[in-house]
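The opening residue of the sequence shown carries number 97 in our numbering; numbering runs sequentially from there.
Below is one structure, written out as structure tokens; comments come after it.
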Amino acid sequence: MTSLQGKWSFVTGASRGVGAYLAKGLAELGSNLVLHSRDLAHTSELAARLRVSGVKVVTVAAELSDPTQIDPLLDRVQAAAQIDILYNNAAIQVPKQSANWQTSVDDLRRSLEVNLISVIRICDRLAPPMQARGWGRIINLTSGIVDQPEQTAYAVSKAGVDKYVRDFAPKLQGSGVQMNLLDPGWLRTDLGGPNAPGDPASVLPGALIPALLDNGESGRFFRAQDYAGLSLAAALQKALHP
Ligand SMILES: NC(=O)c1ccc[n+]([C@@H]2O[C@H](COP(=O)([O-])OP(=O)(O)OC[C@H]3O[C@@H](n4cnc5c(N)ncnc54)[C@H](OP(=O)(O)O)[C@@H]3O)[C@@H](O)[C@H]2O)c1
Numbered sequence: 097m098t099s100l101q102g103k104w105s106f107v108t109g110a111s112r113g114v115g116a117y118l119a120k121g122l123a124e125l126g127s128n129l130v131l132h133s134r135d136l137a138h139t140s141e142l143a144a145r146l147r148v149s150g151v152k153v154v155t156v157a158a159e160l161s162d163p164t165q166i167d168p169l170l171d172r173v174q175a176a177a178q179i180d181i182l183y184n185n186a187a188i189q190v191p192k193q194s195a196n197w198q199t200s201v202d203d204l205r206r207s208l209e210v211n212l213i214s215v216i217r218i219c220d221r222l223a224p225p226m227q228a229r230g231w232g233r234i235i236n237l238t239s240g241i242v243d244q245p246e247q248t249a250y251a252v253s254k255a256g257v258d259k260y261v262r263d264f265a266p267k268l269q270g271s272g273v274q275m276n277l278l279d280p281g282w283l284r285t286d287l288g289g290p291n292a293p294g295d296p297a298s299v300l301p302g303a304l305i306p307a308l309l310d311n312g313e314s315g316r317f318f319r320a321q322d323y324a325g326l327s328l329a330a331a332l333q334k335a336l337h338p
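Shown next, in the form of structure tokens:
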């Protein structure tokens, strides 16, 4: 297991839901944080709480559906810190389409911008410096969504993330950079809705495993719920010997 003490993690969509738990879990392991949301006010309380625990925290804001905001966001991130660990967590799930064969093109474009295109652009900026240093962890949030064509915009955006990560995996062999997928499970967040079976807190410790494993593996699909209720040490053992 790698130590995260003093490393810098960048978490998109850190203001609430899964992202806020990722930030908490990373801070508990000693990682400094750059926290993203759409408005600095959305992460200010969380940042203040995490700073008390002794880590450095920087907050940044950007609307990820707006392609003009991505490069300025990444300029601010890179000016603040050298990012070792990236969680591409921010996403939107537009309301279900009401009838078959009627995917709204606007919903599709917005979902692809936030959930896929921004993810690729963020990786494209932050992965090369990781590769140059010979160490990095990229964890792209995905979903187990299947057989729900009424959620086409969301589902195809996440399928694109899966394809991107898996196709990159062979190229990352031996680079020190590991890029993997994380499905947090269906959880009662703003995105998951009130009928979801899972408590968002159950993403820990599983969500931390792809940041901690030091086995050179990329392209793996981690399910945070496989590790719910375990200690971090037990979760790591399970991940190493599935
Ligand atoms: N919850 C589930 O059941 C579930 C299941 C499978 C996968 N996932 C995945 O897990 C990840 C986290 O989901 P969640 O349930 O925690 O979501 P959430 O509670 O709705 O939180 C979404 C986060 O993303 C940010 N965000 C939303 N729209 C944005 C935009 N247009 N531009 C920039 N940032 C934006 C929000 O920032 P603001 O606060 O500023 O709006 C917030 O921090 C997502 O990738 C999701 O697809 C979730």
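Even for Gly, the Cβ is constructed at its ideal location relative to N, Cα and C.
Residue i beta carbon near ligand 1 (any heavy atom closer than 7 Å)
{"i": "E159", "result": "yes"}
{"i": "I218", "result": "no"}
{"i": "D263", "result": "no"}
{"i": "I181", "result": "no"}
{"i": "S287", "result": "In the sequence under discussion, the amino acid at residue 287 is Leu, which differs from the Ser named in the question. At least one heavy atom of ligand 1 is nearer than 7 Å to the Cβ of L287, so yes."}
{"i": "D135", "result": "yes"}
{"i": "W282", "result": "yes"}
{"i": "G126", "result": "no"}
{"i": "N291", "result": "no"}
{"i": "R172", "result": "no"}
{"i": "L208", "result": "no"}
{"i": "L237", "result": "yes"}
Same chain only: Cβ atoms within 6 Å of residue i, ignoring 5 sequence neighbours per side
{"i": "L136", "result": "T155 and A157"}
{"i": "V299", "result": "V114, Y117, P280 and A320"}
{"i": "S161", "result": "R206, E209 and V210"}
{"i": "L100", "result": "L125, G126 and S127"}
{"i": "R233", "result": "I181, Q274 and A307"}
{"i": "Q193", "result": "T199 and E246"}
Beta-carbon gap between residue i and residue j smaller than 8 Å
{"i": "G315", "j": "R262", "result": "yes"}
{"i": "F106", "j": "I179", "result": "yes"}
{"i": "L118", "j": "N184", "result": "no"}
{"i": "A331", "j": "G294", "result": "no"}
{"i": "T199", "j": "A249", "result": "yes"}
{"i": "V114", "j": "P306", "result": "no"}
{"i": "G109", "j": "N128", "result": "no"}
{"i": "L268", "j": "G121", "result": "no"}
{"i": "V190", "j": "D171", "result": "no"}
{"i": "A329", "j": "L309", "result": "no"}
Own chain partners of residue i with C-beta closer than 7 Å, once the 5 adjacent residues on each side are dropped
{"i": "V173", "result": "F106, V130, V156 and I179"}
{"i": "S214", "result": "L160 and I166"}
{"i": "R217", "result": "I166"}
Expected contact under 8 Å - CB spacing of residue i and residue j to nearest Å
{"i": "L277", "j": "N236", "result": "6 Å"}
{"i": "V252", "j": "T238", "result": "So it is not a contact: roughly 12 Å between Cβ atoms."}
Close beta carbons around residue i, own chain, < 8 Å, minus the five adjacent residues each side
{"i": "S327", "result": "P301"}
{"i": "G325", "result": "S298"}
8 Å Cβ cutoff, residue i in contact with chain C
{"i": "A177", "result": "In the structure shown, chain C cannot be found, because there is only a single protein chain."}
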